[in-house]
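Take a look at the structure set out below.
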Amino acid sequence: MALDSKIPQGPLADKWTKHKNDINLVNPANKRLIDVIVVGTGLAGGSAAATLAELGYNVKAFCFQDSPRRAHSIAAQGGINAAKNYQGDGDSTYRLFYDTVKGGDYRSREANVYRLAEVSANIIDQCVAQGVPFARDYGGLLDNRSFGGVLVSRTFYAKGQTGQQLLLGAYSAMNRQIGRGKIKMYNRHEMLDVVIVDGKARGIIARNLVTGELERHSAHAVVLGTGGYGNVFFLSTNAMGSNVTAAWRAHKRGAYFANPCYTQIHPTCIPVSGDHQSKLTLMSESLRNDGRIWVPKHKKDVEAIRSGKLKPTQLAEDDRDYYLERRYPAFGNLVPRDVASRAAKERCDAGYGVNATGEAVYLDFAAAIIRYGKEKAHVKGLNENDDALVKELGKEVVKAKYGNLFQMYEKIVDENPYETPMMIFPAVHYTMGGIWVDYNLQTTIPGLYAIGEANFSDHGSNRLGASALMQGLADGYFVLPYTIGDYLSKDIRTGAISTDSTEFEEAEKNALENINHFINNKGTKSVDSFHRRLGKIMWNKCGMSRNEKELKEAIEEISTLRKEFYKDVLVPGTADEFNEQLAKAGRVADFLELGELFAKDALLREESAGGHFREEHQTPEGEAKRRTEFQFVSAWEYKGEPKDALLHKEPLVYENIEVKERSYK
Amino acid sequence: MSGILSSSIGRKFAMAISALFLMIFLLQHFAINILSVFSPDTFNEVSHFMGTFWVIQYALQPVLIFGVVFHFVMGFVLEIKNTKARQIKYAVNNGGANSSWMSRNMIWSGLAILAFVVLHFIDFWIPEINIKYIQGDMSGMHNGEFRYFHELVEKFHNPLRVGAYCLAFVFLALHLLHGFESAFQSVGANNKYTKGLKNFSKIYAIGIPAGFIFIALFHHLNQIL
Amino acid sequence: MNLTLKIWRQKNANDKGKMVDYQISDVSPDMSFLEMLDVLNNQLIEKGDSPVAFDHDCREGICGMCSLYINGEAHGPDRRVTTCQLHMRMFKDGDTIHIEPFRAKAFPIIKDLVVDRSAFDRVQHAGGFISVNTSGNTQDANSIPISKHAADKAMDAATCIGCGACVASCKNSSAMLFVSAKVSQYALLPQGQVEATDRVLNMVQQMDDEGFGNCTNTGACEVECPKGISLENIARMNREYLSASFKG
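Encoded structure:
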């Protein structure tokens with residue numbers, strides 16, 4: 000099947016408006032006759048479910064957590080971008096579009112990104128109307144901060160808990176519809192398969208995680224807002240439950256999987272402390288607004304610091320290497336994430352890492368504390384030269400801005416970041432790749448949609464900070480509810496979909512066999528032990544930098560590990576009870592397949608772009624080197640084993656933006 | 000505002016209002032009793048006024064009794080409901096880590112106070128009602144002088160009773176230490192004055208019961224020394 | 000460190016349940032509490048026993064899923080943290096640690112340490128929202144200035160993660176702190192005023208119907224709340240509720 004991205008004709012700026020005017024609508028009376036399933040209740044799924052229900056569709060929403068409010072969007076800290084230009088610093092829809100395409104290293108789809116930038120301003124209006132308590136300045140108007148990879152302040156935020164507040168906004172909109180009976184909510188349910196009837200997605204098989212029962216749910220369309228697959232690395236900033244299962248099972252039913260190798264490694268996370276580690280904790284990118292990143296200039300200081308003989312605060316300015324400021328004077332500490340992460344890795348690989356494992360760099364707030372303290376002293380008419388006072392005042396300001404992050408750091412690391420620099424290291428955070436969708440967010444299966452992080456469309460090979468929240472809400476609130484209507488307009492006479500068909504039966508049987516295999520396998524090793532091993536392979540061979548040899552090894556190793564997993568995994572308990580290990584086994588099985596496709600995709604992409612860095616393709620200064628012949632989306636079709644996956648290419652065309660060497664110098 | 004008393008917040012509001020009312024009464028009661036230390040004559044006059052003025056006897060006294068009964072009954076109703084809200088208790092519960100002993104044991108201090116109120120009624124209120132409304136003697140006189148001061152002093156002769164009174168006032172203090180400031184929270188007052196109110200409520204909660212204990216001990220010691 | 004764990008085990012909602020003892024060795028002080036339980040579970044699985052079920056997801060203190068009652072306190076002895084942020088350095092070698100589920104009639108146990116907190120969701124369904132439809136046409140976000148003070152207070156209330164520690168710690172299993180946090184967030188913002196009366200009445204009604212106890216102002220909830228939600232919110236809800244009741 001040839002890929003048709005269905006991008007509307009016409010000038011870039013008019014495409015979305017024109018498209019909205021051209022597509023079919025469903026009249027309000029008919030919407031009552033149509034059911035839509037939304038899987039996942041994060042920013043994308045939650046906002047989509049709420050909006051579809053407001054429009055009048057009968058929505059069934061599913062989440063594996065105990066409440067929609069717990070979806071991992073809640074953990075996003077820093078903020079959400081919107082081209083409001085409230086700061087009057089020259090921001091515009093075009094500039095947001097430009098920054099996003101450039102930040103994504105020219106590997107995203109122009110029309111989608113422009114639409115994203117276009118609706119971004121509506122998101123802020125919508126969220127404020129919903130009662131989301133964004134930060135405000137003393138005049139009562141909305142405050143902004145700036146994020147990596149851009150030259151304007153367009154990031155709206157709610158302390159360090161922006162994701163939480165936006166998700167609770169979407170959750171509140173859902174609650175209103177649940178209360179009205181327009182959304183039927185299924186908590187603690189996991190989607191195990193999508194059911195295709197006559198070539199269209201017509202329902203799902205879900206497992207009730209409390210009772211273990213398999214359930215059939217039918218609908219006229221199915222929407223996946225199931226997030227990313229960063230947990231394929233085992234250690235990531237994703238939640239423990241975040242998984243690829245829904246997306247992968249859809250892939251197995253015919254949805255193409257696009258750019259699986261595009262992973263974002265976030266530069267500012269708390270370093271790994273030991274083998275027991277179950278997950279990594281992010282420190283918001285907003286910290287790079289005020290924190291300066293450095294390592295010692297000299298190896299002898301590194302040694303002294305590692306052995307505890309020297310404190311970082313004792314090191315003189317001249318002996319510190321503020322490597323981001325040195326290498327990228329224009330953007331300094333606010334270079335995009337991929338660049339910052341690679342730069343940290345480069346220093347640590349060169350032996351300058353500052354903790355025992357040699358995998359950490361400093362993020363230092365001493366300068367910011369002094370700067371803010373002086374400002375505050377000046378405003379209050381106090382002595383700006385009183386060091387103790389200035390420090391005290393400065394700490395107050397920093398606390399007001401990042402207090403919750405500092406507290407979190409202190410609880411985890413047991414060090415006070417107001418007094419000593421934070422230690423940070425990159426960690427897997429977000430996956431730009433995902434299910435392939437067209438301009439309407441429809442996958443290659445008619446009636447199956449993918450939104451938010453679950454799809455691939457907007458971030459290219461690297462996502463800019465504060466853009467994930469923007470995309471999730473844009474898809475859910477403002478894009479999908481329009482585009483899905485065009486598809487559903489053909490279903491007004493279909494009537495309710497029966498769950499008695501052979502297709503439902505087959506899908507349920509398939510899911511049941513899978514479950515029974517795990518329960519009856521009685522192997523010797525826990526699910527987690529396999530997950531950890533997969534994670535190690537992924538991090539070492541498909542991580543921040545990749546090469547042909549290791550990717551080939553990774554493919555072999557993952558394939559072998561998968562076979563071993565099916566033979567030797569031990570899942571305790573039964574299928575008809577609350578059994579977390581069983582749920583996990585299914586998820587890890589899917590990660591073991593995805594991981595291999597991931598490596599295959601990375602092997603195919605013989606260039607460096609954004610988060611995908613192939614050692615063979617770099618500039619003499621060690622920057623990513625794109626290659627024009629790879630200016631396409633790789634969309635993989637399932638053909639059984641991951642090694643047999645069939646590649647489809649969607650060429651990327653840039654008509655409104657000049658494809659340049661990305662430079663943040 | 001129909002059904003406000005069936006809601007959790009409504010009930011809590013009612014508890015607070017009845018409590019505030021009882022605390023005003025307590026203050027008034029204390030103000031009169033302390034007179035017995037300084038001036039038995041004034042004490043007698045005021046007691047007579049309180050015991051015979053119709054507004055107080057026929058209007059305020061029933062309100063007071065209603066307030067007392069309401070506060071107790073509602074307290075028990077809430078306690079039962081609250082106990083039911085957790086059917087399996089924790090094996091280990093470290094309540095001291097997050098709340099005061101007083102706040103967790105209002106029912107026990109309340110029961111102690113209830114026992115005291117019963118004793119107090121037997122000691123003073125029932126004889127009063129008997130003399131005034133059954134025997135019909137509204138004069139307040141006994142052997143040619145006001146009887147109130149004598150009756151008071153007499154009651155504080157028995158050291159057991161004095162001990163019971165003192166103990167009851169300790170419980171009252173404990174009850175008030177949580178109850179007074181809690182009442183402000185229940186009626187929705189939590190603002191910049193809260194700190195001051197809390198301090199005031201602590202002074203009241205300790206001061207008033209301490210004052211009652213002083214009166215009891217004063218009269219007891221006066222008799223035996 | 001070597002520890003003795005006393006953990007509540009209950010097969011399902013109908014099982015009676017009991018405390019069971021476990022020994023665990025080689026616990027590192029840098030582990031989080033849940034990572035310590037991961038280690039225990041791995042041992043149990045490899046021995047062929049059933050692992051201890053507990054709720055957890057984000058493991059960074061924001062999703063509100065983890066919910067353990069540790070040594071008699073919700074989320075354990077540390078302050079301003081969820082169970083997942085509690086680290087083993089808070090304990091000593093040789094300690095005995097009691098681990099129980101959050102207990103309340105309104106939070107029935109599903110298995111072991113996993114409880115059903117859907118009562119919280121239902122309270123939110125009753126009014127935890129502002130009725131505004133999604134459209135591209137809401138007024139500009141800056142058209143209503145909101146004082147920084149009110150916005151900050153609303154934000155403080157809105158940081159509630161809905162974990163249920165307030166209910167678990169309250170001797171009355173009262174949900175007042177949780178409900179008041181949402182009521183306060185909207186009461187403090189101009190957008191929330193239109194529905195203020197109905198919101199507080201409906202949410203309190205639902206809260207009562209779910210079987211939570213009454214607030215007796217012990218303040219335990221505020222102390223144990225991992226996000227430090229203030230008792231001020233309860234006072235505010237009391238005000239809101241009373242004025243709404245008198246309005247009729």
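Listed in order, the protein sequences are those of chains A, B and C.
Heads up: the first sequence runs through residues 0 to 664, numbered per numbering that gives the first Met the number 0.
Heads up: the second sequence runs through residues 0 to 224, numbered per numbering that gives the first Met the number 0.
Heads up: the third sequence runs through residues 0 to 247, numbered per numbering that gives the first Met the number 0.
A virtual CB, placed ideally from N, CA and C, is assigned to each residue, including glycine.
Three CB pairs or more closer than 8 angstroms across the segment 274–283 of chain A and the segment 642–655 of chain A: Taking a contact to require three or more Cβ pairs closer than 8 angstroms, the segment 274–283 of chain A and the segment 642–655 of chain A do not qualify as touching.
Spatially closest choice to A/I33 from A/R215, A/V127, A/S456 and A/G494, by CA coordinates: As a first step, residue 33 of chain A is located in the first sequence; it is residue number 34 there, counting from the start. The candidate whose alpha carbon is nearest that of A/I33 is A/G494.
Among A/E502, A/T523 and A/E547, nearest to A/K566 - alpha-carbon criterion: Taking the first sequence and counting its residues from 1, one reaches residue 566 of chain A at position 567. Among A/E502, A/T523 and A/E547, the Cα nearest to that of A/K566 is on A/T523.
DSSP bridge partner residues for A/I264 (one or two, in chain order): As a first step, residue 264 of chain A is located in the first sequence; it is residue number 265 there, counting from the start. Bridge partners of A/I264 according to DSSP: A/V427.
Host alpha helix (DSSP H) of C/D208 (start-end): Mapped onto the third sequence, residue 208 of chain C falls at position 209. Start and end: A195 to D208.
Own chain, CB closer than 7 angstroms to C/E239, minus 5 neighbours either side, in chain order: For this step, residue 239 of chain C is matched to residue 240 along the third sequence. Taking C-beta separations shorter than 7 angstroms and ignoring five residues to either side along the sequence, the partners of C/E239 in its chain run V182, A186, A195 and V199, following chain order.
Chain C contact for A/M407 (CB, 8 angstroms cutoff): If you number the first sequence from 1, residue 407 of chain A lands on position 408. By this cut-off, A/M407 is an interface position.
Residues of its chain near C/C220, where Cβ-Cβ distance is below 7 angstroms and the 5 sequence neighbours each way are ignored: The residue labelled residue 220 of chain C in the question sits at position 221 within the third sequence. Beyond the five residues adjoining it in sequence on each side, C/C220 comes within less than 7 angstroms, by CB distance, of C165, S168, C169 and L176 in the same chain, given in chain order.
Coil, strand or helix - C/S134 by DSSP: For the purposes of this step, residue 134 of chain C is taken as the residue at position 135 of the third sequence. In the three-state scheme derived from DSSP, where H, G and I count as helix and E and B as strand, C/S134 is classed as coil.
Touch test, the segment 407–415 of chain A against the segment 78–88 of chain A, Cβ-Cβ under 8 angstroms, three pairs minimum: No, because fewer than three Cβ pairs between the segment 407–415 of chain A and the segment 78–88 of chain A fall closer than 8 angstroms, the two stretches do not touch.
Beta strand (DSSP E) runs wholly inside the segment 269–349 of chain A, at least 3 long, in chain order: Listed in chain order, the complete beta strand (DSSP E) runs (minimum 3 residues) inside the segment 269–349 of chain A are 291–295.
Whether A/D457 touches A/N111 by CB criterion (8 angstroms): Taking the first residue of the first sequence as position 1, residue 457 of chain A is located at position 458. Taking the first residue of the first sequence as position 1, residue 111 of chain A is located at position 112. Yes, these two residues count as a Cβ contact at 8 angstroms.
CB contact below 8 angstroms: C/K17 versus chain A: Counting from one through the third sequence, the residue named residue 17 of chain C turns up at place 18. Using beta-carbon distances, C/K17 does not count as an interface residue toward chain A, since no partner is under 8 angstroms.
Cβ of C/Y68 within 8 angstroms of any chain A Cβ: The residue labelled residue 68 of chain C in the question sits at position 69 within the third sequence. Closer than 8 angstroms to the CB of C/Y68 there is not a single CB belonging to chain A.
Contacting positions in the segment 34–51 of chain C - beta carbon closer than 9 angstroms to chain A: Listed in chain order, the positions of the segment 34–51 of chain C with a beta carbon within less than 9 angstroms of a beta carbon of chain A are E34, M35, D37, V38, N40, N41, L43, I44, E45, G47, D48, S49 and P50.
Simplified DSSP assignment, three categories, for B/Q86: Counting from 1 along the second sequence, the entry for residue 86 of chain B is found at position 87. B/Q86: coil per DSSP, three-state reduction.
Assumed close pair A/Q129, A/G159 - CB separation to whole angstroms, cut-off 8 angstroms: Position 130 of the first sequence, counted from the first residue, corresponds to residue 129 of chain A. Position 160 of the first sequence, counted from the first residue, corresponds to residue 159 of chain A. Contact doesn't hold; Cβ gap of about 20 angstroms is too wide.
Proximity test, Cβ basis, 8 angstroms: B/G94 and chain C: Position 95 of the second sequence, counted from the first residue, corresponds to residue 94 of chain B. Yes, contact with chain C.
Own chain, CB closer than 7 angstroms to B/I207, minus 5 neighbours either side, in chain order: If you number the second sequence from 1, residue 207 of chain B lands on position 208. Same-chain partners within the cutoff: L25, L26 and F29.
In chain order, each alpha helix (DSSP H) run of at least 4 residues that lies wholly inside the segment 495–550 of chain A: Within the segment 495–550 of chain A, the alpha helix (DSSP H) runs of at least 4 residues that lie entirely inside it are, in chain order, 501–520 and 526–540.
B/G50 versus B/H141: straight-line alpha-carbon distance, rounded: On the second sequence, residue 50 of chain B is found 51 positions in, with the first residue counted as 1. On the second sequence, residue 141 of chain B is found 142 positions in, with the first residue counted as 1. Straight-line spacing of the CA atoms in B/G50 and B/H141 works out to 15 angstroms.
Contacts that C/N13 makes with chain A (C-beta to C-beta distance below 9 angstroms): Taking the first residue of the third sequence as position 1, residue 13 of chain C is located at position 14. For C/N13, no chain A residue has a C-beta closer than 9 angstroms to its own C-beta; the minimum C-beta separation is roughly 12 angstroms.
Host beta strand (DSSP E) of C/R8 (start-end): If you number the third sequence from 1, residue 8 of chain C lands on position 9. Segment L2 to R8, the beta strand (DSSP E) holding C/R8.
Residue of A/K638, A/W538 and A/V338 minimising C-alpha distance to A/E622: In the first sequence, the residue the question calls residue 622 of chain A occupies position 623. Of the listed residues, the one whose Cα sits closest to A/E622 is A/V338.
A/D192, enclosing beta strand (DSSP E) - first and last residue: Start at 1 with the first residue of the first sequence, and residue 192 of chain A comes out as number 193. Annotation for A/D192: the continuous beta strand (DSSP E) segment containing it runs H188 to V196.
Minimum Cβ-Cβ distance from C/H97 to chain A less than 8 angstroms: Taking the third sequence and counting its residues from 1, one reaches residue 97 of chain C at position 98. Not an interface residue.
Element boundaries [alpha helix (DSSP H), containing B/I112]: For the purposes of this step, residue 112 of chain B is taken as residue 113 along the second sequence, with counting starting at 1. From DSSP, the alpha helix (DSSP H) with B/I112 extends over M105 to H119.
Alpha-carbon to alpha-carbon, B/L173 and B/S200: Taking the first residue of the second sequence as 1, we reach residue 200 of chain B at position 201. Taking the first residue of the second sequence as 1, we reach residue 173 of chain B at position 174. In this model, B/S200 and B/L173 are separated by some 12 angstroms (Cα to Cα).
Within 8 angstroms of chain C by C-beta, residues of the segment 56–81 of chain B in sequence order: Result list: L77, K80 and N81.
Where C/T3 falls, given that 16 or more other Cβ within 10 Å makes a residue buried: Locating residue 3 of chain C in the third sequence gives position 4, counting from the first residue. Label assigned to C/T3: exposed.
N- and C-terminal bounds of the beta strand (DSSP E) containing A/H38: Within the first sequence, residue 38 of chain A is the residue found at index 39, counting from 1. Note that residue 38 of chain A is Val in the sequence shown, not His. Its beta strand (DSSP E) spans residues D34 to V38.
Cβ-Cβ distance between A/R106 and A/A608 below 8 angstroms: Here residue 106 of chain A is taken as the residue at index 107 of the first sequence, counted from 1. Here residue 608 of chain A is taken as the residue at index 609 of the first sequence, counted from 1. Against a cut-off of 8 angstroms, the Cβ pair of A/A608 and A/R106 comes out as a contact.
Helix, strand or coil at B/M0 according to DSSP, with G and I counted as helix: On the second sequence, position 1 is the one that residue 0 of chain B refers to. Note that B/M0 scores 42 on pLDDT, short of 50, meaning its location in the model is unreliable; the coordinates nonetheless yield the value given after this. It is coil, neither helix nor strand.
Span of the beta strand (DSSP E), counted from its first residue to its last, around A/Y653: Start at 1 with the first residue of the first sequence, and residue 653 of chain A comes out as number 654. For A/Y653, no beta strand (DSSP E) segment is defined, and its DSSP state is neither H nor E.
Any chain C beta carbon closer than 8 angstroms to B/F12: Reading the second sequence from its first residue, position 13 is the one you call residue 12 of chain B. The beta carbon of B/F12 sits closer than 8 angstroms to some beta carbon of chain C.
Proximity below 8 angstroms, CB of A/A249 to CB of A/T419: To locate residue 249 of chain A, count along the first sequence from 1; it is residue 250. To locate residue 419 of chain A, count along the first sequence from 1; it is residue 420. One thing to note: A/A249 has its Cβ no nearer than 8 angstroms to the Cβ of A/T419.
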